[in-house]
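Residue numbers (the UniProt record's numbering), protein chains in the order written: chain A, 1 to 203; chain B, 1 to 203.
For every residue, glycine included, the Cβ atom is placed at its ideal position computed from N, Cα and C.
Protein chains: 2
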Amino acid sequence: MEIKSDTEKLILEAARKVFTEKGLDGARMQEIADRANINKAMLHYYFRSKDKLFESVFKAAFNEFWPEITKSINESANVEDFLKRAISSYVDLFMDKPFLPIFILSEVNRTPDRLESLIREGGVNPHLIVEYLKEQMDLGKLKAMDPKELLVNVISLCIFPFAGKSLIERMIFQGDKESCESFLQERKKSIYEFLKPLIIANN
Amino acid sequence: MEIKSDTEKLILEAARKVFTEKGLDGARMQEIADRANINKAMLHYYFRSKDKLFESVFKAAFNEFWPEITKSINESANVEDFLKRAISSYVDLFMDKPFLPIFILSEVNRTPDRLESLIREGGVNPHLIVEYLKEQMDLGKLKAMDPKELLVNVISLCIFPFAGKSLIERMIFQGDKESCESFLQERKKSIYEFLKPLIIANN
DNA sequence: GTCTATAAAAGGATAGAC
DNA sequence: GTCTATCCTTTTATAGAC
C-alpha cells in the first residue's frame, strides 16, 4: 500500500460521496472539487481523468463487502452464529453507507467488465461461502438445498431493502421515514428469524 | 389514452431501451434517435426535452410492475396460489426485461420525488397487499409475522437476483452465463419452495 | 503542489428550409 | 412532420504562472 498525501485522501473521500450518490455519469468533477475544498485542476493532477478517479472509488467501494464476511466465516462457532454475524455486519454497513448497494449494483450492471480485474486481484471468493454452506448441509446443520440458492437468498434479504429504500419508504411506509428506518435497523434480527426454519438444531 | 403516431411509438421504444440500459444521465439523445432510425430534432419535436422524454419512459416502466400483482391477488383462490402466481409472473417479467429492476431502483434512488406524482395518480396501492397478507395470517393460513416484513422479503427474493444479475453471474457462477440464466428461470419454483415453511396447510 | 484561465469536445436544444 | 445546420451551455481536460 503506497502512502497517500492528505490531498489525495480528501479527493478520494469527496469523490466517494459524489460518485456513490450520483453514479459515474451523473457525477461532476466540479462538485467533487468543491466538496474536497480544492481546485478542479487538482483532480487531474492526482488522478489524470474522471474515469481513473472513478476506478479508484469503485475499487474501494467494492472491497468494502468482503472483510466482514471473511471474518464472520472464520470466527463463528457454528452456522447459526455465522448467519447472525454476517447479517448483522451487513446491516450495519448499509445503515452507515446507504448508497453503497445501489451504487455497486448499477455500475456493475452498466459496465460488467469492470468486475473482472477486481475479482482476479482481490482475495474475494464467494465460492468459499458456497462450500461452507454445503458442508453444513452435509453435516445436517442446515436444511438441504442448493447452496448457491441459499447464498443468493440471504444476500437478497440483506441487500435489497437497502437498495430499494426510497421505494419501500414511500410505497410501503407511506413516506414515514422513521418507521422505515427502524424497520431496516430491525432487520439485523428479523432476517435471521425469517431464516430460522432452515436451521436444524443440535441435540 | 390519446392516440400516438407511429413515430412517437418508435421514439418511445428506442428511448425505453436506451434509458433503461444507461440511465437518465448516461443516455444520449443521439443514440435514441439512431436506434429509432430518426432525426435528433424529432425527439424535441415530440417530447420537447430529454427530461420530458425520460418522464414518459419512466412512468411506463414503473407501471409495468402493478397489473400482474393486482391480477394475482384478485384471481387466486388462496395464499398459496397467490404467491405462486405473483412470483411466477414477476420472474417472467424480469426475464423478459432484465434492465427494468435496476433502472427503477437507481432512478428512484437518485430522484425520489419522481415517485410522488406516479403514486398519487396511478391506481397503485401496496397497502392492499399488506392487508391481504395480514388477513391470511389472522385466518391461520400464514405464519404470523409483520406483514410488511413478509412483503419486503418476498419482493427481495423476486427482484434482487435480477437486479444483481451481472454480479451473481460473475461471482457465484464464475461467468457461466447459461447456468446463471437457468438458475434465474428456476426461481419461478424455488422462491415458492423456499417460502413454504410460512404457509400453513389447510386440513 | 496549487492556482487561474482557457482549450476542446460533447451534448441538448432550436431555427428554418422543405 | 421531417430534415440539416447551427447555436449555446456544460463539462472534461490542459497549459502555464506562482
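Quiz item: What are the residues of the stretch 146-171 of chain A that lie near chain B, defined by any Cβ-Cβ distance shorter than 9 Å?
Solution: D146, K148, E149, L150, L151, V152, N153, I155, S156, L157, C158, I159, F160, P161, A163, G164, K165, S166, L167, I168, E169, R170, M171
Exercise. Specify, as a first and last residue, the run of the alpha helix (DSSP H) that A:N74 falls within.
Key: 66-75
Practice problem: Starting from A:Q174, follow the alpha helix (DSSP H) in both directions and report where the run begins and ends. | Solution: Run containing A:Q174: none; DSSP gives neither H nor E here.
Quiz item: Looking only at DSSP bridge pairs, what is B:L142 linked to?
Solution: B:I199
Practice problem: Taking A:L83 as the reference, give the member of A:L53, A:C158, A:N37 with the closest Cα. | Solution: A:C158
Quiz item: Comparing the C-beta of A:P67 with each C-beta of chain B, is any distance below 8 Å?
Solution: no
Exercise. State the DSSP-derived secondary structure class of A:K4, mapped to helix, strand or coil.
Key: coil
Exercise. May I ask you to report which of helix, strand or coil DSSP gives A:A27?
Key: coil
Quiz item: Just by C-beta distance, which residues in the stretch 93-105 of chain B are closer than 8 Å to chain A?
Solution: F99, I102, I104, L105
Practice problem: Please list the partners that A:S72 has in chain B, where partner means a Cβ-to-Cβ separation under 9 Å. | Solution: Within chain B, no residue comes near A:S72; the closest Cβ sits about 17 Å away, beyond 9 Å.
Practice problem: Ignore the nearest five residues each way along the sequence and tell me which others in B:K59's own chain have a CB closer than 7 Å to its CB. | Solution: L118
Quiz item: Looking at B:I199 and B:E80, is the spacing between their C-beta atoms short of 8 Å?
Solution: yes
Quiz item: Within the 8 Å Cβ cut-off, does A:N109 reach chain B?
Solution: yes
Quiz item: Hey, is A:F160 close to the ligand MN, as in C-beta under 7 Å from one of its heavy atoms?
Solution: The ligand MN is not part of the structure shown, which contains no ligands of any sort.
Quiz prompt | Cβ separation of A:I129 and A:I172, assumed to be a contact under 8 Å, to the nearest whole Å | solution = The pair is not a contact, with the Cβ atoms about 30 Å apart (cut-off 8 Å).
Practice problem: Tell me whether A:F54 sits in a helix, a strand or coil according to DSSP, three-state version. | Solution: helix
Quiz item: Does B:I32 come within less than 8 Å of chain A when only Cβ atoms are used?
Solution: no
Quiz item: Contact check, B:F183 vs A:N153 under 8 Å by CB: the rounded distance?
Solution: B:F183 to A:N153, Cβ: 12 Å. No contact.
Practice problem: State yes or no: is the beta carbon of A:F82 nearer than 8 Å to at least one beta carbon in chain B? | Solution: no
Quiz item: Mind checking A:Q185: buried by the 16 CB within 10 Å criterion, or exposed?
Solution: exposed
Quiz prompt | Cβ neighbour criterion (16 or more within 10 Å) applied to B:K177 | solution = exposed
Quiz item: Near A:V57, which residues of its chain fall below 6 Å by C-beta distance, leaving aside the five closest residues on each side in sequence?
Solution: A15, R16, F19
Practice problem: For A:S190, go through chain B and note every residue whose CB falls closer than 8 Å to its CB, in chain order. | Solution: D146, E149
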